[in-house]
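Working notes for the structure below.
Residue numbers (the working numbering), protein chains in the order written: chain A, 1 to 378; chain B, 379 to 756.
In structure tokens, the structure reads:
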């Protein structure tokens, strides 16, 4: 037994966010549903795919306007995507839900009346409890940035499960985020100046961070992050986003960084990116995305060949050059991902030899480092 | 041997339109290419999938601005999608093409240089020649409307190939367009008041009309249509769009229309559409899209059931009702397609019995008629 009415527009926004945790492919059928808890203080929506869970609280009032009116508290689980589609298409400004003892749910709005078979909320798995102590608070804008600069580099292969996540290392009031798929590596460092947080070393699944990124809107300024032994809770506004952590040890990546570059270039990020983008049209067709780079003076030459289609040659003018000549080949996709992650108009590239990984950084900035392994064509 | 330079932005627009005729799945490999003819008067681009062909003329000047500069006339066939991707990504405002005797084509713009393997234009199939006599001229807006109101009803099955096209019948200065997939039928009539055109009876492939619709922009006012024995040419602005006609006899559909309705309703098009749209959420889930309608007084009731999910009931208030009670079932998709095709705020629906086809028309307008066969559930 449950009964409430709610503003439809507001409900739709929150339902869409809840839906982001729900996967149509789930081993536990009840997880295709959205759990609705109507309480005297408002409504709580829950969606989960057992890896990540989203819990959204809709208060009775928002900015002085009544959003929800609960006339009888209670709970039900309704078929997720389906229920959201119905709410989206209803005709009225308001929608009313009422549930009987068999969890049959009557949804009315205007001259429209749906009667849905709901499920028993007691069958819905309990969300993990994460203690609200030992929180890390970050500006939403910064966290979005940290995710954008590392998450693309996680592995999509389950061969080494730890590499499908991003390593978050907190020590000496610095957060170091590392992602690698063993062909390239992304590191983002962030000073936690005003924070009093204990040391941490966790691996957050890349998929969870991608979903979190979609949910965080910049209408909220800050996000609170709470760590438990095998879970992490992100709290932003009225949303609780919970992800399990990946088990295992993240590899030590510090030994991957070579020393003493042979040649260092400073390039316009956008010019370099677009030249590679064009060259990759042919590199893609060749099947392996290989682009050759030849540097030595201001004119950096990029080239690629597809035996069937033809050849391409691009020239980019470097702003600064230090060191000798070099020829190297790389995967165009990795290079473009790295350049996108470098949030700066000018990028520095350090090459250590044809066979050695090379490094990209924003000019005069050590917070972001991208490392890419070359392809051996020479 | 061919050489010209061209404004890139303008080139991209015309290439995108040419590409619409090209299918990646073709039995004749050269048809994955775009044929480029550089003449003293400008450039002609040709794309074809052998069913439809698009021929676009780019003049040397547009509105007094130089677009093309041909320094050496000639022809080449370049890999279609690929060539267009390159032109889109080039850095400069202008792009230069030059071809050698082996049809190797050098494409340069800014510091970017592509060398593509082209094909011999003599291997490209000749376009059918359509005589420019006996033309039908229509406003572009009207033709777009005619297509939108009929084309959706063509059959997607090749069982009866003639039904994959729209029958265009011209007689006594009236154009009658008919499409049916044997479950529903759409008819659009158009008086050709100022036209002096002979009688015609042709079947134009639905896919061709759909592509034509995408290419016709309302920046052009009129389109000229020329009929040959097995081809039709649509000429709009600088574009020639040629489609083959379907062979065979189109069935006589006039005997499908029942007479003497049992009940006639006048309904608000949008209200009716949205009620069916909602009911179809459950109808879809049931697998067969069945919606039941029950009419007799002003309150028209729509309902649908999915055994797994639940039930829906919608009420729509009719503006006018003539006749007795009726219950009928229909496919929600066909009904929604028909209502979308009725370009009027108010729709008239005539029912002739539970087992008989029913008819939808714009209120007080006979130019559009939609006929739908019911589903037998009663």
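Positions of the beta carbon are idealized from the N, C-alpha and C atoms, including for glycine.
If you measure between the beta carbons of residue 670/B and residue 658/B, is that distance less than 9 angstroms?
no
Could you name the residues of the segment 109-134 of chain A whose beta carbon sits closer than 7 angstroms to any beta carbon of chain B, in the order they occur along the chain?
Per Cβ criterion, the list reads 111, 112, 113, 114, 115, 116, 117.
Would you tell me roughly how many angstroms separate the C-alpha atoms of residue 480/B and residue 308/A, rounded to the nearest one?
Taking the straight line from one Cα to the other gives about 14 angstroms.
Between residue 524/B and residue 532/B, is the Cβ-Cβ spacing less than 9 angstroms?
no
Let me confirm a value: residue 249/A is counted as buried when at least 16 other C-beta atoms fall within 10 Å, else exposed. Which label applies?
Counting of Cβ neighbours within 10 angstroms places residue 249/A among the exposed residues, the total staying below 16.
Starting from residue 2/A, follow the beta strand (DSSP E) in both directions and report where the run begins and ends.
2-7 is the extent of the beta strand (DSSP E) around residue 2/A.
Please list, in chain order, the chain B residues whose beta carbon lies closer than 9 angstroms to that of residue 281/A.
Residues of chain B passing the Cβ test: 460, 463, 464, 467, 492.
Can you list, in chain order, the residues of its chain with a C-beta nearer than 6 angstroms to that of residue 674/B? Leave out the 5 residues immediately preceding and following it.
703
Taking the C-alpha atoms as reference points, what is the distance between residue 441/B and residue 403/B?
Residue 441/B and residue 403/B: Cα-Cα distance of roughly 38 angstroms.
Give a yes or no on contact between the segment 359-376 of chain A and the segment 329-338 of chain A, applying the rule of three or more CB pairs nearer than 8 angstroms.
yes
Within 9 angstroms (strictly less), CB to CB, does residue 278/A reach chain B?
yes
Spatially closest choice to residue 735/B from 722/B, 388/B, 709/B, by CA coordinates
709/B
Mind checking if residue 341/A is an interface residue toward chain B, Cβ cutoff 9 angstroms exclusive?
no
Look at the alpha carbon of residue 7/A and the alpha carbon of residue 435/B, and state the distance between them as a whole number of angstroms.
55 angstroms
Using a Cβ-Cβ cutoff of 8 angstroms, what residues of the segment 283-316 of chain A are near chain B? List them in chain order.
285, 308, 309, 310, 311, 312, 313, 314, 315, 316
8 angstroms Cβ cut-off: residues of chain A touching residue 561/B
Result: empty, since nearest Cβ-Cβ is about 25 angstroms, beyond 8 angstroms.
Ignore the nearest five residues each way along the sequence and tell me which others in residue 14/A's own chain have a CB closer than 7 angstroms to its CB.
45, 56, 58
Using a Cβ distance threshold of 8 angstroms, determine whether the segment 725-740 of chain B contacts the segment 632-651 of chain B, with at least three qualifying pairs required.
The segment 725-740 of chain B is in contact with the segment 632-651 of chain B.
Extent of the continuous alpha helix (DSSP H) run through residue 332/A:
332-341
Three-state secondary structure assigned by DSSP to residue 74/A
strand
Beta-carbon spacing of residue 755/B, residue 668/B below 9 angstroms:
Remark: C-beta atoms of residue 755/B and residue 668/B approach each other more closely than 9 angstroms.
Range covered by the alpha helix (DSSP H) that runs through residue 527/B
518-528
Taking only the alpha-carbon atoms, compute the straight-line gap between residue 416/A and residue 87/A and give it to the nearest angstrom.
There is no way to answer for residue 416/A, as the model of chain A reaches only from 1 to 378.
Within 8 angstroms, do at least three Cβ pairs link the segment 406-426 of chain B to the segment 442-455 of chain B?
yes
Taking 9 angstroms as the CB-CB cut-off, is residue 105/A touching chain B?
Put simply, the CB of residue 105/A is near chain B, with a gap under 9 angstroms to one of its CB atoms.
For a contact defined as C-beta to C-beta under 8 angstroms, what are the partners of residue 29/A on chain B?
Simply none; closest approach about 11 angstroms.
Going by DSSP, what residue range makes up the beta strand (DSSP E) through residue 312/A?
For residue 312/A, the uninterrupted beta strand (DSSP E) run begins and ends at 310-317, by DSSP.
Using 10 angstroms around the beta-carbon of residue 501/B, count the other beta-carbons present and answer buried if the total reaches 16, otherwise exposed.
exposed
Where are the beta strand (DSSP E) runs, 3 residues long or more, that stay fully inside the segment 177-242 of chain A, in chain order?
184-191, 200-205, 222-227, 231-236
Listed in chain order, which residues of the segment 69-81 of chain A have Cβ atoms closer than 8 angstroms to some Cβ of chain B?
79
Does DSSP classify residue 542/B as helix, strand or coil?
Residue 542/B sits in a helix when the DSSP states are folded into three classes.
If you scan the segment 38-121 of chain A from start to end, which runs of the beta strand (DSSP E) of 3 or more residues do you find wholly inside it?
42-48, 52-59, 68-72, 74-79, 94-99, 104-109, 112-117
Note down, in chain order, every chain B residue with its Cβ under 8 angstroms from the Cβ of residue 274/A.
467, 469
Identify whether residue 390/B lies in helix, strand or coil by the three-state DSSP scheme.
In this structure, DSSP gives residue 390/B a helical state, which the three-state scheme calls helix.
In whole angstroms, what is the alpha-carbon distance linking residue 283/A and residue 489/B?
Straight through space, the alpha carbons of residue 489/B and residue 283/A are spaced by roughly 18 angstroms.
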